[in-house]
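Data block below; observations after.
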Amino acid sequence: MSSGGSASSARGSASSAGSAWESASAVAIASQVRRGERTARSIVEAALAAISARDPELHAFLHVAADEARSAADALDDAVRAGRDPGPLAGVPVALKDNLCTRGIPTTCASRILGGWRPPYDATVVTRLREAGGIVIGKTNLDEFAMGSSTENSCAGPTRHPTDPTRVPGGSSGGSAAAVGAGLVPLGLGSDTGGSVRQPAALCGTVGMKPTYGTVSRYGLVAFASSLDQIGPLARSVADAALLLEVIAGHDPRDSTSLDRPAPRVSRSLDAGVAGLRVGVVAELVDDTAPDVARRVREAADELARAGALVEDVAVPEMRFGLSAYYLIAPAEASSNLARYDGVRYGLRVDAPDVEAMNTATRTAGFGPEVKRRIMLGTYALSAGYYDAYYGKAQRVRTLMIRAFERAYERFDVLLGATAPTTAFALGERTADPLTMYMSDVCTIPSNLSGHPAISVPFGAGDDGLPVGVQVLAPALCEERMFQVAAALERAAASRGNGSPTTEPASTAQPASTAQPASTTEPASTTEPASTTEPASTTEPASTTGPGERGRGR
Amino acid sequence: MSADPGWETVVGLEVHCELKTRTKLFCSCLNAFGDDPNTNVCSVCLGLPGSLPVLNVNAVELAMRIGAALHCEVRPSVFHRKNYFYPDMPKDYQISQYDEPINVGGWLDLPDGSRVGIVRAHLEEDTGKTTHQGETGRIHGADYALVDYNRAGIPLVEIVSEPDIRSAAQARLYVTELRALLVATGASDGRMEEGSLRVDANVSVRRAGARAYGTRCEVKNLNSLRSLGRAIDHEAARQVSLLEATGTVVQETRHWDESAGRTIPLRSKEEAFDYRYFPEPDLVPLAPDDEWRARAADAVGMLPSARRERLVLLLDKDPTPQQAEQIRVLVGQGLDDMVVAATAHGAPIDLALVRAANELAADLDAALALDPAAFGALVRMEAQGDLTATQSKAVLAALLTAGGGDPAAIAAEKGFEALSESSLAAVVQETVEAHPDEWSRFCAGEEKLAGFFTGQVMRATSGKADGKAIAAELARLKNAT
Amino acid sequence: MNDPEPLSREEVAHVAGLARLALTTDELDMFTGQLARVIDHARDVAALDVAGVPPTAHPLPVRNVYRPDEPRRGLERDEVLAEAPEVEDGRFKVPRIVGEAP
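See below:
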């Protein structure tokens, strides 16, 4: 991390306007930078200053790309001055989970085996981010190869929870979640294989979502379990998450599993409300969680009902098989995906007299214990004599899971449940027993197995005062409806005064008292994140936002 | 090594054939042979973290064409990962097809009238190339190895035969005919010497008349038809003597050592018995529709047997053994279309066969790119006596270098102007008059003086005269004397 | 742990070998215990009667994804080899190979 004179002066200004930066919305930043009201460079300096100030304690970042970020910002400011449109993410710093390939910038997956590896190419999401004017600010910490639920399985040491340093931020995208939750950056990207975006988002009090499998290209995401992995946004508001999803989603010919479908236009549904929507509260995603978490989910359901949704309980017993099926399928795919780290072409090599011994020495020294556990588990599940009993069975259970969701979606438009069974737990609390750690993903895994989208929205706090996330699940390809419900939940949380402290409401319909301090610098209404790219917003029936308010400052 | 009459050899062959696509199976790198190491590589074929495969549509097309040509059922298929560690495999798994291959069942008819069943013909990716470095240059005793990934990811179709082959000779015939089929359908260039066709043999023996198969050994490293034949004979004899001595053969993989003329056991690895196949999650299932399958079947065109028959029909008489061999070679190398086109441009078939089987086959890459009209015109000129055989070969060489052109213009450039019949007659007349003694002796029956006169005429015409034409003119003058 | 261990030390050692991982005796004990617990938990899945239920390999029913057979420029060799642990003559250098590919 470099901190030249400009950085330290920026740091000073950042601390004077600290709360403004820490709650700044991506939608507002982009809009200001596009209009030339703020420079991308000043935004980047604010982010770098915040990182310098907080990250030594948090350890959210594995690498801060200060020089690259500054030059990207300067180039973007030149473009604005030259009258060119810098794109919908203009000047917004984004923290990337360190399993997303960045050309020339180290990409380590928090593993010794990839120590110092600089990819020769950018992941598709990174390319799209840059093309949209987003600024790669750095690479964030994760459980090694995204295998974990606490970011403790990192070769570089754990990340700490943004509000309680004795707790974990969740995982595996814990670095991105902590960076966003602590207000270092407005946006982060993570990958979600069994809940690795949503669960840390819930624990850190941010929004985090997993798109329908195939919505976001996996090209350049270092694979953990290919049939489950999806990249998703982390943000401090539903609107910001929507903005980032719209930038990164859409068909990519480099990923054969990418759906031939345009990016979902999730921003336009945020104010639509939930009147008449059928919401199923999944018993298994409430009953199996801690009482304080379950209480919040019930309250969230009540709020949706109050807003006009038709809320009912539903049992989806197949969800109880999710964890077992997941911990056969994901390690099986991982055991194969991680075979390539053999010391031949890139990354670590530990010398030995013959190639087989070299492979073994390299892998033994390069992988941490959790990765070894999963490689062995997956190798076992695939090996001769066990395939049918384990991997083959798990794939059939996957079919059952999909059918169970399909049945539920015949009766409901969306499903509701907890994102994680508890709030943030203490560092070291679950490291001794892998199975206990694996249980942290029990609420998020079903959507990965089915391929369906799901989003976690902060909704109040647990008995310990730490954030609770409520999860909205939707049928495949129904991200718009899902964001619509998520935005309603976010408004409800804000109106109760129990959203995440840093969460901006998605709507101007909020009472002024809950408006965030930064609102004075944000003339643009946050209801219209993509207004400049979307000519005519399909006017929503939402009662509180009249068409006359479009584009008007408060 | 002749087979023991009390024993029967049983062979099944696995042929790996590199497809003639422009790019690799799962990435857009060039499918090329002989380039500098690691110059046709990208994130995908190097297996870099985060890279993903995308299937080459033309590889599927060619695989289906092979299936249709082998009378296989072309089916919906799924790619699997075959997991094992080896440094020439960038991902340490190979993307292949396992229990749902694209082509299933089928057969290949051989020119000797026998039929060999086909179990399957599936798509998979090739590995990189390892060179063992050290004193011996071979795997044993090497100090280290170097890896080039240019070949990694090149599309292969693996064609697995039933154990229907009963001799080394039949195995060679099978590979020769299969190779001709792959060339004829445009699926492969079939060059064993460049490794684009590689053969493994499953060999077993059984008592003559027995029904049950014996224990088989897989023999690898068969880089030529000669190796294939020798290895099968050797391996069968080894198994017979083992069975006669101890009563058992151990199932194993063996390596053919061409210089030693024997097979040696390979160190078998644990992995070899547990590839942990599972469906490749980075690719989606393949289900070509009826229309595409029909199009691929149509694109098969004529099979080698029909192509040989076509040349025989053009010949319009029973081919001499030499011509039969020429026809076999030309069809095997995909040059038969050239011969047929040449005849359409007025070239006589027998001379076209000779020039194609000799000159064209010797420079195959250039020959396959040659304009058939130019070749036809050249053969016609030679047949008409406008060019001597020597001149014709020189012009053909020039055509091959240039990829085509006007043979008459090249001949003129080279000063190969054809002597008209009258000017040849005049030169012969002058020569006879200049050597009256020799002429008298020739007319008196001293036949060997024909050579003297031919030489004189050649010198006088700077080699432009045709030997046969000179002989004819000498005979005419002698009769007229 | 209720049932007898579903996974033996020998099986774990075998699997580690397949995956090219070396384990100390202590690690072997630790991993055997941990993996046995996970496998034991997975018995609910292994015990399910799913006869007649097709397996799902891909969450969404996508088929027939191809790319045209058109060459595109790959990576520069120098850039590729720069990341390699050891290189000679434009190729990746590895210690001697014992045994051929299986």
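If you read the protein sequences in the order shown, they are chains U, B and P.
The first sequence begins at 1 in my numbering and counts up by one.
The second sequence begins at 1001 in my numbering and counts up by one.
The third sequence begins at 2001 in my numbering and counts up by one.
Glycine included, C-beta positions come from ideal geometry on N, C-alpha and C.
Distance, P2006/P Cα to P317/U Cα: 26 Å
L2093/P, enclosing beta strand (DSSP E) - first and last residue: The question names Leu, but residue 2093/P in the sequence shown is Lys. Element bounds for K2093/P: 2091-2095.
Within 8 Å, strictly: CB atoms of V33/U and A90/U: yes
Proximity below 8 Å, CB of A223/U to CB of E246/U: no
Proximity to N1038/B [Cα-Cα], best of P1076/B, N1150/B, N1083/B, L1070/B: N1150/B
Outcome for V1041/B when other beta-carbon atoms lying within 10 angstroms are tallied against a minimum of 16: It is buried - the Cβ of V1041/B has at least 16 other Cβ atoms within 10 Å.
P1090/B versus L348/U - alpha carbon distance: 15 Å
Cα-Cα separation between H1255/B and V1175/B, rounded to whole angstroms: 19 Å
Per DSSP, cross-strand counterpart(s) of G138/U: V64/U, A95/U
Positions along the segment 1329-1340 of chain B whose CB lies within less than 9 Å of some CB in chain P: none
Contact with chain U by G1043/B, beta-carbon distance below 8 Å: Correcting the residue identity first, residue 1043/B is Ser in this sequence and not Gly. It does; some Cβ of chain U falls within 8 Å.
DSSP-derived helix/strand/coil call for R590/U: Here chain U covers residues 1 to 554 and nothing more, so residue 590/U does not appear.
Span separating the alpha-carbon of D1112/B from that of Q395/U: 49 Å
Bounding residues of the beta strand (DSSP E) (the contiguous stretch that carries W1007/B): 1007-1018
Rounded straight-line distance, which links the Cα of N99/U to that of D1290/B: Cα-Cα distance, rounded: 42 Å.
Pairwise C-alpha distance: I1154/B and E1018/B: Note on geometry: alpha-carbon atoms of E1018/B and I1154/B lie some 7 Å from one another.
Contacts that V1147/B makes with chain U (C-beta to C-beta distance below 9 Å): V344, R345
Cβ pair I113/U, Y341/U closer than 8 Å: yes
For V2038/P and D260/U, the rounded distance between their alpha carbons: 37 Å
Contacting positions in the segment 1053-1083 of chain B - beta carbon closer than 8 Å to chain U: P1053, V1054, L1055, R1081, N1083
Residues bridged to I1165/B (per DSSP): V1011/B
In DSSP terms, what R1191/B is bridged to: Paired residue(s): none; R1191/B is not in a bridge.
Secondary structure of R278/U, DSSP reduced to three states: strand
Per-residue contacts from Y1086/B into chain P (C-beta, under 7 Å): A2101
Partner residues on chain U for A2022/P, Cβ-Cβ distance less than 8 Å: T360, A361, T364
Assigned exposure category for I1264/B - 16 Cβ within 10 Å defines buried: exposed
Per DSSP, the bridge partner or partners of I105/U: T102/U
Interface flag, Y1213/B vs chain P, CB-CB below 8 Å: no
For W1256/B: DSSP bridge partner residues: T1263/B
Any non-hydrogen atom of the ligand ZN closer than 7 Å to R1441/B Cβ: In the structure on display, the ligand ZN does not appear, and there are no ligands present to speak of.
Short CB-CB distance (under 8 Å) between D1092/B and chain U: The beta carbon of D1092/B falls within 8 Å of a beta carbon belonging to chain U, placing the residue at that interface.
Chain U residues whose Cβ lies nearer than 7 Å to that of D2044/P: F321, S324
Where N1479/B falls: helix, strand or coil (DSSP): helix
N1038/B (DSSP reduced to helix, strand or coil): If DSSP states are grouped into helix, strand and coil, N1038/B belongs with coil.
Runs of alpha helix (DSSP H) lying entirely within the segment 391-458 of chain U, each at least 4 residues, in chain order: Listed in chain order, the complete alpha helix (DSSP H) runs (minimum 4 residues) inside the segment 391-458 of chain U are 393-411, 434-438, 445-450.
CB of P1279/B within 8 Å of CB of H1122/B, strictly: no
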